[in-house]
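Chains A and B are the protein sequences, given in the same order.
If you're matching positions, the first sequence starts at 1 in our numbering and goes up one per residue.
If you're matching positions, the second sequence starts at 1001 in our numbering and goes up one per residue.
Where a beta carbon is used, it is the ideal one built from N, C-alpha and C, also for glycine.
Just so it is clear, the structure is predicted and the values come from calculations on it, not from any experiment.
There are 2 protein chains.
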Amino acid sequence: MTGAFGSVFCDQLDTLLAWRRDVRHFSPEPLADGIVDVLLDRACRAPSVGNSQPWRFVRVVTPALRSAVAASADVANSAAADAYVDPQTRLAYRALKLHGLREAPEHIAVFCDAGAGTGAGLGRQTMPETLDYSVVLAIHTLWLAARARGIGLGWVSILDPAEVTRLLDVPPGWRLIGYLCLGLPLVPADMPELAIQGWQARIDPHSTRFIR
Amino acid sequence: MTGAFGSVFCDQLDTLLAWRRDVRHFSPEPLADGIVDVLLDRACRAPSVGNSQPWRFVRVVTPALRSAVAASADVANSAAADAYVDPQTRLAYRALKLHGLREAPEHIAVFCDAGAGTGAGLGRQTMPETLDYSVVLAIHTLWLAARARGIGLGWVSILDPAEVTRLLDVPPGWRLIGYLCLGLPLVPADMPELAIQGWQARIDPHSTRFIR
């Protein structure tokens, strides 16, 4: 593939981008054997600064650990609700389902190994945050590869990263970038759930463009 | 598209992931009229925390600004080379071409508008860095949409973000996440240039997976 991929593929890719949603409503049905490995292989195709590949994927399968993470998310979510001063906003926030940690058949915690020597520091002397960004790129790659196969992903950021890192007992120097739920979505949608629920609409893409 | 996209598309998506490279060798040929707008539209389909859509795209067209950014990158690159203590590593670093800022027909600086009220803080009380991560997701979306159309993208992180932010005179509170070159690649490849040049090979994907 030295050139373009053709308009049929580009249209399908656009459709994938539209249907790639953050999923919080999962069927508890297990995913097909081996599919998580396929998805993690694809995630490792992501770009990374200096080709450092600093992503580390922790599949969380122990029921007690899954429950502890879900409990941590509920505590953080409750605190987040309380932080909204306006009672109506607080009520609207509380009405949202923001994670599917108890139903999703798969939990994957994604870390950045800040101590990895790979890449030898190339590309991150002035912008060291690009190491974390590389892990974000791997998460997005995983997300698209999953959705293409009909599998939904939800990125849970409403939890205490220090607590989750401690729970999972990972090597020192690993930073939690994202905690992911994967599973079959109960209600596929091409609109963000937060837009459907009236929390935040899509903004005009033109309003994000500037010229200098 | 309520379910999977089918195996033909999945295979093509895998091929796209393999051929999506960081490009530093561009043809100076201008891109087709309107294509940058198409790509930025696609980028706005990226996921974002609380549907906050905090990405801001600045197309840098003024020749003096483009030159100033390229000069900034060269200064940062030279300092980065000097930071390698081992003379052989320093020599190997200096031999790499790490940006195509002078040839690429398009420069796009991508910022995070930290002051945007969109999303009302949802999802980022415990992990506020997810706002920046949302912009990274938009950059990756742009990258894939571009490569699908035969257009290469190079992410330049070897520059002084404060200096570039000042040069582009953007509103207060905007943080530079990435500075991108876009154009037709001179040499399409399915291997990272840093792997081809012997700087950093691909690591075994299995070494990045753990179970808890």
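When the beta-carbon positions are compared, Leu1182/B and Gly1154/B come within less than 9 Å of each other. Between Ser67/A and chain B, the shortest Cβ-Cβ separation is not below 9 Å. By the beta-carbon neighbour count (other beta carbons within 10 angstroms, threshold 16), Ile1196/B is exposed.
Boundaries of the alpha helix (DSSP H) harbouring Phe1009/B: 1007 to 1019, taken from the DSSP string.
Residues of chain B whose Cβ lies closer than 9 Å to the Cβ of Leu39/A do not exist, since the nearest Cβ in that chain is about 11 Å away. Non-local beta-carbon contacts of Leu176/A in its own chain, meaning distances under 7 Å to residues more than five positions away in sequence, involve Ala109, Phe111, Pro161, Val164, Thr165 in chain order. In the displayed model, Gly3/A falls within coil according to three-state DSSP, outside both helix and strand. When DSSP reads this structure, His107/A sits in a beta bridge with Val60/A, Cys181/A. In summary, Ile1158/B is buried, with 16 or more beta-carbon neighbours lying within 10 Å of its beta-carbon over all protein chains present. Per the Cβ contact rule, the segment 1119 to 1127 of chain B is not in contact with the segment 131 to 146 of chain A (fewer than 3 Cβ pairs under 8 Å). Contact residues of the segment 1042 to 1053 of chain B toward chain A are Arg1042, Ala1043, Cys1044, Arg1045, Ala1046, Pro1047, Ser1048, Val1049, Gly1050, Asn1051, Ser1052, Gln1053 (C-beta to C-beta distance below 9 Å). In the DSSP annotation of this structure, Arg1209/B is not part of any alpha helix (DSSP H); the continuous beta strand (DSSP E) holding it starts and ends at 1209 to 1211. For Ala138/A, same chain residues with a beta-carbon under 6 Å away, outside a window of 5 residues either side, are Ala43, Ala46, Trp55 in chain order. By the criterion of at least three beta-carbon pairs nearer than 8 Å, the segment 90 to 109 of chain A is in contact with the segment 60 to 76 of chain A. Taking the beta carbon of His1025/B as reference, no residue of chain A falls within 9 Å; the closest one sits roughly 13 Å away. Check the Cα spacing between Met1127/B and each of Ala76/A, Asp86/A, Leu91/A: the tightest is with Ala76/A. In the structure shown, Trp143/A adopts helical secondary structure according to DSSP, grouped into three states.
For Gln1012/B, the chain A residues whose Cβ falls inside 7 Å of its Cβ are Phe5, Phe9, in order along the chain. At a C-beta separation below 8 Å, Ser78/A has no neighbours in chain B, since its nearest C-beta there lies roughly 11 Å away. Of the residues Arg1094/B, Thr1015/B, Ser1207/B, Ala1004/B, the one whose Cα lies closest to the Cα of Ala116/A is Ser1207/B.
For Gly50/A, the CB contacts under 8 Å within the same chain, skipping 5 residues up- and downstream, are Thr118, Gly119, Ala120, Gly121, Leu122, Gly123, Arg124 in chain order. Residues of chain A whose Cβ lies closer than 9 Å to the Cβ of Ala1083/B are, in chain order, Gly121, Gln125. Among the CB atoms of chain A, none fall inside 9 Å of the CB of Pro1087/B.
Linking Asp33/A to Ala1018/B through their CA atoms gives a straight-line distance of about 24 Å.
Per DSSP, the continuous beta strand (DSSP E) segment holding Val156/A begins and ends at 152 to 156. For Arg102/A, the secondary structure class from DSSP, reduced to helix, strand or coil, is coil. Interface annotation, Arg1102/B: not in contact with chain A, CB-CB separation never under 9 Å.
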